[in-house]
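Residue numbering for the sequence shown follows full-length UniProt numbering, beginning at 1 and increasing consecutively.
Contents: one structure, followed by commentary.
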Amino acid sequence: MRSKCFVGFSGYGMPVTNDPLAPLLALTGVEDAFTEARERVDAALRHRALRRNGGQVAAEVGLRAAVASAALEDHRYDLADVRGGTVTDPIVQGALRVSESLGGLTDLWPRAPRQVLARLHMLAARGSVAEADLGRLASGADRIDALAGLVAGNERTPPLLLAAIVHAELITLRPFAGPAGVVARAAARLTLVSRGFDARGLVGVEEGHLTREPEYVGSAGAYATGTPDGVRSWLRHYAAAVIEGADEIPRIGDEVLAPSGG
1 MRSKCFVGFS GYGMPVTNDP LAPLLALTGV EDAFTEARER VDAALRHRAL RRNGGQVAAE
61 VGLRAAVASA ALEDHRYDLA DVRGGTVTDP IVQGALRVSE SLGGLTDLWP RAPRQVLARL
121 HMLAARGSVA EADLGRLASG ADRIDALAGL VAGNERTPPL LLAAIVHAEL ITLRPFAGPA
181 GVVARAAARL TLVSRGFDAR GLVGVEEGHL TREPEYVGSA GAYATGTPDG VRSWLRHYAA
241 AVIEGADEIP RIGDEVLAPS GG
């Protein structure tokens with residue numbers, strides 16, 4: 001079945017508002033799920049390790065997010081092996097490059113999303129696709145234009161909802177050759193960071209997706225059907241993945257503090 005596009009769409013007979021995605025919050029359970037995710041993130045960000053060791057926690061989150069994102073592309077390796085530098089798999093290396101680049105792309109993302117998507121693909125796919133294909137769309141140019149139009153300068157859509165739709169659109173379309181999922185997950189993370197939901201990049205949503213991998217795959221497929229139930233399934237999964245990522249912050253923070261007893 002051909003997937004349907006929700007970008008700029010007032011679907012299900014609902015009226016267009018200043019925020020074209022606002023009607024999606026009315027789907028059963030979505031707003032409550034997003035509220036819970038926001039509360040869990042806020043609670044996690046109060047962990048004492050973040051006062052002086054936030055950079056270490058962010059670096060560890062970035063590493064784990066990259067390993068999880070590669071695993072979701074079916075390139076699975078132990079975290080310890082990746083940390084030790086023994087994994088040369090180009091998909092893993094690409095995911096690491098993407099994770100390390102996000103801080104430098106945060107300000108550009110809401111201004112030039114097409115440019116950032118191309119850059120993310122060049123980082124993610126180097127060594128796994130032909131040089132000529134790096135940063136170039138393989139399909140869906142019109143739909144990517146619509147998505148870019150939604151992202152650029154959008155201060156209306158709640159960050160979590162926008163990130164979820166960015167992710168779903170990109171994972172459904174897979175507009176780039178090779179590890180397009182790595183690009184999709186990174187673009188969603190950039191949305192959360194640039195809109196201030198996770199300004200320090202501490203929520204490893206990728207790990208949440210991996211922890212709930214069957215649900216991740218199933219809800220992404222459901223989203224692609226274009227039905228209200230399918231979209232609701234995806235949005236509720238996305239909130240659950242954010243909660244998983246938030247719950248990992250204090251665990252990582254405790255590990256960072258443990259050596260010094262601090």
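Yeah, the Cβ is synthetic: ideal placement off N, Cα and C, and Gly gets one too.
Where does Arg126 sit, in a helix, a strand or coil, going by DSSP?
strand
What did DSSP end up calling Gly230 once you bin it into helix, strand or coil?
helix
On the three-state DSSP scale, how would you describe Glu244?
helix
Are Val183 and Ala124 closer than 8 Å when you measure CB to CB?
yes
Using 8 Å as the threshold, is the C-beta distance between Ile144 and Arg114 below it?
yes
Counting C-beta neighbours from all protein chains within 10 Å, is the total for Glu169 16 or more, i.e. buried, or is it exposed?
buried
Cα-Cα separation, Ala66 to Asp198
17 Å
By Cβ distance below 8 Å, which residues in the same chain neighbour Leu160 in space, the five residues on each side in sequence not counted?
Phe34, Ala37, Arg38, Leu192, Phe197, Tyr238, Ala239 and Val242
Give a yes or no on whether the C-beta atoms belonging to Gly178 and Gly245 are separated by under 8 Å.
no
Rounded to a whole number of angstroms, what is the C-alpha to C-alpha distance between Leu134 and Ala180?
11 Å
Other residues of its chain near residue 288: CB distance less than 6 Å, five sequence neighbours each side excluded
No information on residue 288 is available, as it lies outside the stretch 1 to 262 that the chain covers here.
Which residues in the same chain have their Cβ closer than 8 Å to the Cβ of Arg40, if we skip the five residues on either side of it in sequence?
Val242, Ile243, Ala246 and Asp247
Report the option in Ala68, Phe176, Leu257 and Arg232 whose CA atom is closest to the CA atom of Ala130.
Phe176
For Ala158, the first and last residue of its enclosing alpha helix (DSSP H)
What sits at residue 158 in the sequence shown is Pro, not Ala. Neither: Pro158 is in no alpha helix (DSSP H) and is coded neither H nor E.
Could you check how far apart the C-beta atoms of Tyr216 and Thr172 are, in whole angstroms? I think they sit under 8 Å.
The Cβ separation is near 13 Å, so there is no contact.
Near Met122, which residues of its chain fall below 6 Å by C-beta distance, leaving aside the five closest residues on each side in sequence?
Leu134 and Gly135
Leaving aside the five residues before and after Val61 along the sequence, list all residues of the same chain whose C-beta is less than 6 Å from its C-beta, in chain order.
Leu202 and Gly204
Whole-number beta carbon distance between Thr28 and Arg232, since they are thought to touch under 8 Å:
6 Å
Quick check: the Cα distance between Asp254 and Ala49, rounded to an integer number of angstroms?
7 Å
What residue range does the alpha helix (DSSP H) around Asp142 cover?
Ala141 to Val151
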